[in-house]
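Chemist: Pasting a structure below so you can have a look.
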Amino acid sequence: MVAQPDEVGDAPGDGGTEPTPQAAAAPRPAATPSGPRGWLHRMRRITQPTPADPDPDAVGAGPRHEVTLGRRSPFAIGFFITLGALTAFGLVFGLYRISYVVLLVMLALYLALGLNPLVDRLSATGLRRGFSVFLVALGALAVLALAFWAVLPVAYEQINRLLLNAPSLLQELRANPQIAELDARYDGINRVSNFLTSGELLSGLFGGLWGAGQAVAGLVFSTMMTITLMLYILASMPTFTDAMLELAPASRRPRVRYLTREMFRRIGGYVTGLFIIITCAATVAFLFLTIVGLGQYALALAVVVALCAVIPLIGSTLSMIIVSIVAFTFSPTQGLVTLAFFLTYQQFDNYFIQPRVFQRSVSVPGPLVILAAVCGGLLYGLLGALLAIPSMAALMLLYREVLIPELNRR
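In our numbering, the protein residues as written are 1 to 410.
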C-alpha cells in the first residue's frame, strides 16, 4: 500500500524528508475533537491566556486610555476639591495668625544682613566667624549702652520738663494775634492743655495702665526675640545661604548663588544706609537747636528726630512739625527759623543725602519706594513700612535679572 504524502515523516524514527517552510507555515485544518481529549480541547479554546508583561520601552509609545477614579466618580471629585480647599484655607489662616512672627524674622534677617559686612571683614583677618559675631554684637551693645547712658537721663529730664511746661508754653501762643483769634473761635489751646494735664494722654495712647504694661511687655518680647534671631542668623549665615541654594536645581545653583548674594548685599546696604541717614538727621537737628537757642530741649528733640527718621515718607515731616511747634512756643521768630531750616534740610536729605547713600546699594525707582512704603504701612503698620522698601529692592533685582532676560529670550 502506497503511503500518502502527508504521512511521510509523521512517524517517529522514519527517514522521511522534512516539510518545507511553506508547508510548515500553511494552516492545518482544525481537527474535530473526539475521544477523551475533547473536553480539554474545548476548555483551552474558551479560556483566555494570561497577558504578557508590558515592554518598558514600549510604555508611552501609543495612546493610553487610563481612567482614574477621580475622573469617573463625582464623589471623589468633590471630596478632593473640598480637601484641597480646606488645606489651602488652613495654610493661609495659619500664615495670617503668625504674620507678626514672620515680620520679626524678616526684621532679624535684614538686621543680620546689615551687620554681615562687618563680620565678613573680621572673618577675613583670620578670626572664626563665631568670635567675629561675638565682637560685632559686643560692639553694638556697647554703643547702644553708651548712647542710652548719655542720652536717656538728659532726654528723660528734658521730656518731663517739656511736658510740665507745655501748658504755660501753649498759653504764650496767645500772644500771637492770629493764633489768639483761632483759639477764641475754637478754644484749641485750652483743650490741648487739659488733655496734657488730665492724664488722658497715657490712656489715649496705650489704653490705660494695663494697656501700657502690655505694650511694654510686647515691646520687650519682640526686641529680645529679634536680637536672638539676628545673632543666630548672623552666626550661621553661610549655612543659611547654602540651605537656600539646595532648594535650587544643581544646574542653576551658580546663578541662584549670584542672585542671593546680590539680594543680600542690597538689603544689607539699605539697613546700613538707613542708619547713616538717621545719624545725620539727629546730629544736624541737635546742632541747629543748640545754636538757635533751644539747647535745653535739643537732645530730647534730636531723639525725636532720630525716631521719626526711621519712618519712611512721613518721618521727616512729622519731626519737622513737632520741633517747629516747640520752637513756636518760645517765639514766632524761632518757630519760623526752625520751620524754614527743617524744610530746607528735608529737601537736602531727599535729593542729595539719600540718593548718594542708596545709589550703590538699593536701585529702586522713587514711585516704587513710595508705593511699597504706603502698602507696607497699610498692611502691617510701621514694621511693614520698614520692611517694604528692602523687599521691593529684592523684587526689583529678580525683575531685572530673571524676568526681563527670560522675556527677551522668547
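No residue lacks a Cβ here, since even glycine has one placed at the ideal position from N, Cα and C.
At the level of alpha carbons, what is the spacing between A394 and A385?
Modeler: 15 Å
Chemist: Once DSSP output is grouped into helix, strand and coil, what is the label at V310?
Modeler: coil
Chemist: Give me the Cα-Cα distance between Y186 and I321, rounded to the nearest whole angstrom.
Modeler: 21 Å
Chemist: Kindly confirm or deny that the region 401-408 and the region 334-345 touch, where touching means at least three C-beta pairs closer than 8 Å.
Modeler: A contact is defined here as three or more CB-CB pairs under 8 Å, and the region 401-408 fails this definition with respect to the region 334-345.
Chemist: Just reading off the alpha helix (DSSP H) that E401 is part of, what are its end residues?
Modeler: Unbroken run through E401: none, as it is neither H nor E.
Chemist: Put A31 into one of helix, strand or coil per three-state DSSP.
Modeler: Residue confidence is low: A31 scores 48 on pLDDT, short of 50, so the model does not pin down where it sits. Its coordinate-derived value is still stated next. Coil.
Chemist: Could you tell me the distance, in whole angstroms, from the CA atom of F352 to the CA atom of L127?
Modeler: 38 Å
Chemist: Just the Cα atoms here: how many angstroms apart are Y297 and L245?
Modeler: Rounded to whole angstroms, Y297 to L245 spans 52 Å at the Cα level.
Chemist: Let me know the secondary structure DSSP gives I179 once reduced to three states.
Modeler: I179 falls in the helix class under three-state DSSP.
Chemist: Pull up the CB-CB distance for A108 and M230, whole angstroms please, since I reckon it's below 8 Å.
Modeler: 4 Å
Chemist: In this structure, how does DSSP classify A302 when only helix, strand and coil are distinguished?
Modeler: helix
Chemist: Counting beta carbon pairs with one atom in the region 103-117 and one in the region 262-275, are three or more of them shorter than 8 Å?
Modeler: yes
Chemist: Can at least three beta-carbon pairs, one atom from the region 129-140 and one from the region 231-238, be found at a separation below 8 Å?
Modeler: yes
Chemist: Which of the three DSSP states, helix, strand or coil, is assigned to S331?
Modeler: coil
Chemist: Might you give, ordered along the chain, the residues of its own chain that have their beta carbon closer than 7 Å to the beta carbon of G70, omitting 5 neighbours on each side?
Modeler: Low per-residue confidence applies at G70: pLDDT is 46, beneath 50, and the placement is therefore not dependable, though the value from the model is reported in the following sentence. A76, I77, F80, listed in sequence order.
Chemist: Report the CB separation of L274 from L397 in whole angstroms; it is logged as a contact under 8 Å.
Modeler: Contact doesn't hold; Cβ gap of about 18 Å is too wide.
Chemist: What is the residue span of the alpha helix (DSSP H) that S236 lies within?
Modeler: Looking at the DSSP string, S236 is not in any alpha helix (DSSP H), and its letter there is neither H nor E.
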